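One structure is given below, encoded as structure tokens.
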Amino acid sequence: MGFIATRCFAILPEICIEPIMGKEKRSMGKYFELLSEDIRFVEGLKACMNCGVCTAICPAAEFYCYDPRRIVDRVQTRDDAVIEELLKSETIWYCGQCMSCKPRCPRGNTPGAVIQALRTLSQRLGFFVHSEKGRQQIALKRVIGHNILETGYCIFPKTVNPDLHPEQGPVWRWIYEHDKEVFGRFTENYQKAGAGPVRKIAPDNVEEINRIFEVTGGKAFFETIEKYSDEAARQMGMDGAGDAYFNHVYAYNNGNHTLNDE
Ligand code: SF4
Ligand code: SF4
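Mapping of the sequence shown onto the working numbering: residues 2 to 263, in sequence order.
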């Protein structure tokens, strides 16, 4: 694993770091301070001794060019240039958030929680549009985010559009087109008022969810993702972050994310 991770690091130019020694002047601490406003970061990083246990247990490190030990190590430098590179990189989006690293760390750190804080800061500052996986945040916002605000669910059968999920195959398309018939066999109230799973959430409850997102800043956060995505789309020569941009970031793969892509 150590060999793989080291090799992986070597092929990731976007997160390669210049030696800190020898730099005349480094900007220090700005991003570390912003990260420290996030309770997930405060609780997720006490002091890393760089042992690599988190990387050894991490399932994402088995497949992606990803090494949680190196990420935590970079954050600990408090060096703005180093952390900004991380915030713009692909690597912070590879974590599967399984939290296997949490119980294994001998220092009580949670690299997965550090990643959460890095992702949020990357979104807040608009750095997420610098990476292919980061740009996909617009798809998550418009799919899962909109589902929550419009239906009260992150996801339910009718929101898994087969056009966006060809990996589901022709059987899913048939189920999608016959959802009432299929899911109606599991629950009496499929997308109807009443009790039970995948019932229709009452409009006043959906309204309450919207108000929660409003007052807690969730909607403003969504708008931030839209704003930076729109800017990125225009820089790519598109007419804003419309369907063309969405479909591009949703489907594009540069083929350089997994260890097998080397
Ligand atoms: S297991 Fe904990 S101490 Fe070891 S490298 Fe990972 S975060 Fe650092
Ligand atoms: S939470 Fe992320 S970093 Fe931790 S073990 Fe899971 S995939 Fe790896």
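Each residue gets a CB set at the ideal place from its N, CA and C atoms; glycine is no exception.
Computed from a predicted structure; not experimentally measured.
### Query
Anyone know if the C-beta pair for C66 and L260 falls short of 8 angstroms?
yes
### Task
Check the DSSP bridge columns for M100 and list the partner residues they point to.
Per DSSP, none; premise fails for M100.
### Query
Can you list, in chain order, every residue whose CB sits closer than 7 angstroms to a heavy atom of ligand 1?
C49, M50, N51, C52, G53, V54, C55, T56, P69, R70, V73, C102, R105, C106, P107, R108, N110 and P112
### Query
Of all the options L165, G256, H166 and L141, which has the alpha carbon lying nearest to the alpha carbon of C155?
L141
### Same chain, Cβ closer than 7 angstroms to G146, neighbours up to 5 away in sequence not counted
F223
#### Entry: Contained beta strand (DSSP E) runs [length at least 3] in the segment 163 to 234, N- to C-terminal order
none
#### Entry: Nearest-angstrom Cβ-Cβ length linking W173 and S132, presumed shorter than 8 angstroms
About 29 angstroms; that fails the 8 angstroms criterion.
### Message
For a test of your reading of the model: does the CB of Q98 fall under 7 angstroms from any non-hydrogen atom of ligand 2? Yes or no.
### Response
yes
### Query
Do you know how far the Cα of V144 is from the Cα of N162?
10 angstroms
### Query
Which same chain residues, not among the five before or five after F128, have their C-beta less than 6 angstroms away from its C-beta?
L88 and K89
### Query
Is I116 near ligand 2, in the sense that its beta carbon is under 7 angstroms from a heavy atom of that ligand?
yes
### Query
If you check the beta carbons only, do F184 and P167 fall under 8 angstroms apart?
no
### Message
Judging by CA-CA distance, which residue of M100, T121 and R120 is the nearest neighbour of T111?
### Response
M100
### Message
Strictly by DSSP, which residues pair up with D80?
### Response
M29
### Query
For the segment 104 to 121 against the segment 191 to 211, are there 3 or more C-beta pairs whose distance is under 8 angstroms?
no
### Query
For the candidate residues L46, R70, T160 and T225, whose alpha-carbon lies nearest to that of L122?
T225
### Task
Closer than 7 angstroms by C-beta to N148: which residues in its own chain qualify, once you throw out the five before and the five after it? Chain order, please.
Y154, C155, I156 and T160
### Task
Report whether the distance from the Cβ of A61 to the nearest heavy atom of ligand 2 is below 7 angstroms.
yes
### G45 classed as buried or exposed, judged by whether at least 16 other C-beta atoms fall within 10 angstroms
buried
### Query
Would you say the segment 247 to 256 touches the segment 179 to 196, given that touching needs at least three Cβ pairs under 8 angstroms?
no
### Query
Given 8 angstroms as the limit, is there contact between the segment 26 to 34 and the segment 67 to 86, that is, 3 or more CB pairs closer than that?
yes
#### Entry: Inter-residue Cα distance where the pair is K134 and E151
25 angstroms
### Residue from F42, I58, Q137 and E215 whose Cα sits closest to the Cα of Y253
Q137
### Message
At a threshold of 7 angstroms, does I58 count as lining ligand 2 (C-beta to nearest heavy atom)?
### Response
yes
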